[in-house]
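Participant:
Residue numbers (this note's numbering): 12 to 631.
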């Protein structure tokens, strides 16, 4: 907590010494006095003008987030093809994400392009259940191996959370009939050469028991988040920017079906970023200094388990136009990770260690013909324990009159975690400093087809494999030595219809994810599909209002029985969420219904998911 307080004080000191005269916050961001419009965005490593076509990216903006009626990150990510999510109970409980059939520790998570994966987790996975949406401006999803862009952990893909760029003052509050609520506020201060953006968010949720029956106690959640973004232009090309993000999620949980009270997790996280960007017409230089900290405590009836990790890093990125046909980018990143955890009680485990990594990377984009583009990406990482590892990506895209066609090859890696290298427990486990990184290969083909000016179809197919997978064998994590890969393949499509007052997005994915013995991986359904629908409705009696519907089919899959640990088949689920919004004067009033069909289900087995929830709210 002391570190988080220090982060806040640093930001206050910097901001108070940097402001000029306050301007009207309703500024339309015209070019003032010949200076560029103020714009804060997350920076993505290792790209340039002509290499960007080789990057597979899905963007969910603020408007879409609000239309979904999203509360947490899971509400958004579950609508993306090739993503499967399981959560150990209602909101606030631990959640795992499987992208393209890979493991839950094969997705890299970033804030404004900076990795934030918690180094104190045993296998390096990110807990998606503790991240809420109130201060988030945009979400970017990068399906497929992305190591050449972002480094380790991005074997399945990456998720980038954008916090910056919200200049519209707002206040929002929603609640139900049992005093659960969602609250968010945003205030922007706009000056001649600078801007300050302050956002707050809070969620209270207490609906069901994670593992008990409907008559048992309910597991509550309280989340608090704060985000401060600041930037200052020194001239029309040079700007300084700063982001501070603080988040605390406190959630009650169940130890078992019978031990349900006295268990609470307190997950605190902070991220601080300082950046300097110099951009002219044909060149862009970007420097970022960052610090991330996690402080997690779990109270199990008076026994406290503690987890802490910290990361300090520095990045430099360069992109420039060589000529009208070729662009080039390069950069470097150094980061130092350290952390520990101490598990007490009947199961005792501990870890304490550190590692560092130096990366060099570059890219080349070549517009070889008017509608033909080649993108090359390369990255070299030198890790303290695993040594030097190279990753790269090659993409070719050809454009035609009404569609484009592209092919890609990319590889990825995941370095072992601090626990896998340095951990111990009371069952004889000891860390293995000789672990090699897991590595992957992915082949893709894709097309984007404009069927007409209203209708667009996107198709993408892939085949991938993971080598040197790290397994727990004989009280030690070891690299698999049988030379048999883990294999994934899949196909997804999205059909988008955009009319004047209506948008329809139909999506589906078909996935095969196999173990070494060719059996299906657990919790990865072969078939998912869904619908996102929004429409502006004009009614003579009710007036104008907006209607949004989200439907998601989560297919049949295999799971582990929570009591006898056998492998069982789990039936599919069909979840519908609704939101209706009516604007009166300057206030948007809305009603949202999640799980409108009131489907009762568990995912994973033994962990209850929320039934129908109805909330009323407004946004000013």
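Ideal placement from N, C-alpha and C gives every residue a C-beta, glycine not left out.
1. Less than 6 angstroms between C-beta atoms, sequence neighbours within five positions excluded: which residues of the same chain meet that for residue 158?
2. Count the other CB atoms, across all protein chains shown, that sit within 10 Å of the CB of residue 411; report buried if there are 16 or more and exposed otherwise.
3. Closer than 7 angstroms by C-beta to residue 494: which residues in its own chain qualify, once you throw out the five before and the five after it? Chain order, please.
4. If you run the structure through DSSP and keep just helix, strand and coil, what is residue 4?
5. Sorted by chain position, which residues of the same chain lie with C-beta nearer than 7 angstroms to residue 611's C-beta, five sequence neighbours on each side aside?
6. Look up residue 68 in the DSSP assignment and say whether it is helix, strand or coil.
7. What do you reckon, are the CB atoms on residue 499 and residue 475 nearer than 8 angstroms?
8. Got a sec? Which residues, its chain only, sit under 8 angstroms from residue 536 by beta carbon, not counting five neighbours each side?
9. At which residue ranges does the segment 520-574 contain complete beta strand (DSSP E) runs of 3 or more residues, listed in the order of the chain?
10. Suppose you measure from the CA of residue 301 to the CA of residue 465; what does that come to, to the nearest Å?
11. In this structure, does DSSP put residue 49 in helix, strand or coil?
12. Return the first residue and the last residue of the beta strand (DSSP E) that residue 629 is part of.
13. DSSP has residue 276 in a bridge; who is on the other side?
14. From the DSSP output, in three-state form, read off residue 407 for me.
15. Which runs of the beta strand (DSSP E) at least 3 residues long sit entirely within the segment 436-490? Give them in chain order.
16. Just confirm the distance between the C-beta atoms of residue 111 and residue 65, as a whole number of angstroms; I'd bet it's less than 8 angstroms.
17. Can you give the Cα-Cα distance for residue 606 and residue 518, rounded to whole angstroms?
18. Measuring CB to CB, does residue 188 end up less than 8 angstroms from residue 217?
19. In three-state terms, what does DSSP make of residue 153?
20. Tell me, please, whether the segment 477-490 touches the segment 67-77 by the rule of three or more beta-carbon pairs shorter than 8 angstroms.
21. Give the DSSP-derived three-state secondary structure of residue 41 in the structure shown.
22. Does the segment 310-326 touch the segment 349-368, meaning 3 or more C-beta pairs lie closer than 8 angstroms?
23. Whose C-beta lies closer than 6 angstroms to the C-beta of residue 307 among residues of the same chain, with five residues either side of it excluded?
24. If distances are taken between C-alpha atoms only, which option among 595, 514, 541 comes closest to residue 555?
25. How many Å lie between residue 441 and residue 481 at the Cα?
26. Compute the beta-carbon to beta-carbon distance between residue 256 and residue 387, rounded to the nearest angstrom, for a pair I have assumed lies under 8 angstroms.
27. In terms of alpha-carbon separation, which member of 339, 116, 630, 170 lies closest to residue 87?
28. In or out: residue 61 buried (at least 16 other Cβ within 10 Å) or exposed?
29. For residue 12, does the three-state DSSP call read helix, strand or coil?
30. When the Cα atoms are used, what is the spatial distance from residue 243 to residue 286?
31. Does the distance from the C-beta atom of residue 208 to that of residue 177 stay below 8 angstroms?
32. With a Cβ-Cβ cutoff of 8 angstroms, do residue 428 and residue 135 count as a contact?
33. Establish whether the CB of residue 275 and some CB of chain B are separated by less than 8 angstroms.
34. Label residue 140 either buried or exposed according to how many other C-beta atoms from any shown protein chain fall within 10 Å of its C-beta, with 16 as the threshold for buried.
35. From which residue to which residue does the beta strand (DSSP E) around residue 576 run?
36. State yes or no: is the C-beta of residue 219 within less than 8 angstroms of the C-beta of residue 210?
Facilitator: Taking the geometry as given:
1. On the chain shown, residue 158 is found 147 positions in, with the first residue counted as 1. Counting only Cβ-Cβ distances below 6 angstroms, and skipping sequence neighbours, we find 165, 402, 423, 424.
2. For the purposes of this step, residue 411 is identified with residue 400 of the chain shown, where counting begins at 1. By the 10 Å Cβ count, residue 411 comes out exposed.
3. Counting from 1 along the chain shown, the entry for residue 494 is found at position 483. So no residue of the chain qualifies.
4. Here the chain has residues from 12 to 631 only, and residue 4 is not among them.
5. For the purposes of this step, residue 611 is taken as the residue at position 600 of the chain shown. Hits under 7 angstroms: 622.
6. By 1-based counting over the chain shown, the position of residue 68 is 57. Here residue 68 sits in coil by DSSP.
7. Position 488 of the chain shown, counted from the first residue, corresponds to residue 499. Position 464 of the chain shown, counted from the first residue, corresponds to residue 475. Cβ atoms of residue 499 and residue 475: closer than 8 angstroms.
8. Taking the first residue of the chain shown as 1, we reach residue 536 at position 525. Cβ neighbours of residue 536 beyond the five flanking positions: 95, 522, 565, 566, 567, 568, 583.
9. 538-550, 554-565, 568-571
10. Position 290 of the chain shown, counting from 1, holds the residue named residue 301. Position 454 of the chain shown, counting from 1, holds the residue named residue 465. Distance between the alpha carbons of residue 301 and residue 465: 43 angstroms.
11. If you number the chain shown from 1, residue 49 lands on position 38. Here the model assigns residue 49 a pLDDT of 41, short of 50, so the residue's position is not dependable and the matter cannot be decided.
12. Indexing the chain shown from 1 puts residue 629 at position 618. Unbroken beta strand (DSSP E) run through residue 629: 624-630.
13. Indexing the chain shown from 1 puts residue 276 at position 265. 262, 309.
14. Here residue 407 refers to the residue found at position 396 when the chain shown is read from its first residue. Residue 407 falls in the strand class under three-state DSSP.
15. 449-461, 466-478, 481-484, 487-490
16. By one-based count along the chain shown, residue 111 stands at place 100. By one-based count along the chain shown, residue 65 stands at place 54. Residue 111 to residue 65, Cβ: 18 angstroms. No contact.
17. Walking along the chain shown from the start, residue 606 turns up at place 595. Walking along the chain shown from the start, residue 518 turns up at place 507. Going by the C-alpha atoms only, they are around 19 angstroms apart.
18. Locating residue 188 in the chain shown gives position 177, where the first residue counts as 1. Locating residue 217 in the chain shown gives position 206, where the first residue counts as 1. Contact: no.
19. Walking along the chain shown from the start, residue 153 turns up at place 142. Note: residue 153 maps to strand in three-state DSSP.
20. no
21. Taking the first residue of the chain shown as position 1, residue 41 is located at position 30. In this prediction, residue 41 scores a pLDDT of 35, lower than 50, which makes its location untrustworthy; the coordinate-derived value is nonetheless stated afterwards. Residue state, collapsed to three classes: coil.
22. yes
23. Counting from one through the chain shown, the residue named residue 307 turns up at place 296. If we look at residue 307 and ignore the five residues flanking it on each side, its Cβ neighbours are 278, 318.
24. Position 544 of the chain shown, counted from the first residue, corresponds to residue 555. Ranking 595, 514, 541 by Cα distance to residue 555 puts 595 first.
25. Within the chain shown, the letter at position 430 stands for residue 441. Within the chain shown, the letter at position 470 stands for residue 481. Those two C-alpha atoms are separated by around 15 angstroms.
26. Position 245 of the chain shown, counting from 1, holds the residue named residue 256. Position 376 of the chain shown, counting from 1, holds the residue named residue 387. Going by Cβ atoms, the distance from residue 256 to residue 387 rounds to 33 angstroms, so no, they are not a contact pair.
27. For the purposes of this step, residue 87 is taken as residue 76 along the chain shown, with counting starting at 1. Minimum Cα distance to residue 87 is reached at 170.
28. Position 50 of the chain shown holds residue 61. By the neighbour-count rule (16 or more Cβ atoms within 10 Å), residue 61 is buried.
29. Position 1 of the chain shown holds residue 12. Unreliable positioning characterises residue 12 in this predicted model, as indicated by a pLDDT of 45, which lies under 50. The coordinate reading is nonetheless provided below. Coil at residue 12, not helix or strand.
30. For this step, residue 243 is matched to residue 232 along the chain shown. For this step, residue 286 is matched to residue 275 along the chain shown. Going from the Cα of residue 243 to the Cα of residue 286 covers about 11 angstroms.
31. The residue given as residue 208 occupies position 197 in the chain shown. The residue given as residue 177 occupies position 166 in the chain shown. Cβ atoms of residue 208 and residue 177: closer than 8 angstroms.
32. Numbered from 1 along the chain shown, position 417 holds the residue referred to as residue 428. Numbered from 1 along the chain shown, position 124 holds the residue referred to as residue 135. Yes, these two residues count as a Cβ contact at 8 angstroms.
33. This model lacks chain B altogether, as it is built from one protein chain only.
34. Working through the chain shown from its first residue, we reach residue 140 at position 129. It is buried - the Cβ of residue 140 has at least 16 other Cβ atoms within 10 Å.
35. Position 565 of the chain shown, counted from the first residue, corresponds to residue 576. That residue, residue 576, is in no beta strand (DSSP E); it is neither H nor E in DSSP.
36. Within the chain shown, residue 219 is the residue found at index 208, counting from 1. Within the chain shown, residue 210 is the residue found at index 199, counting from 1. No, these two residues do not count as a Cβ contact at 8 angstroms.
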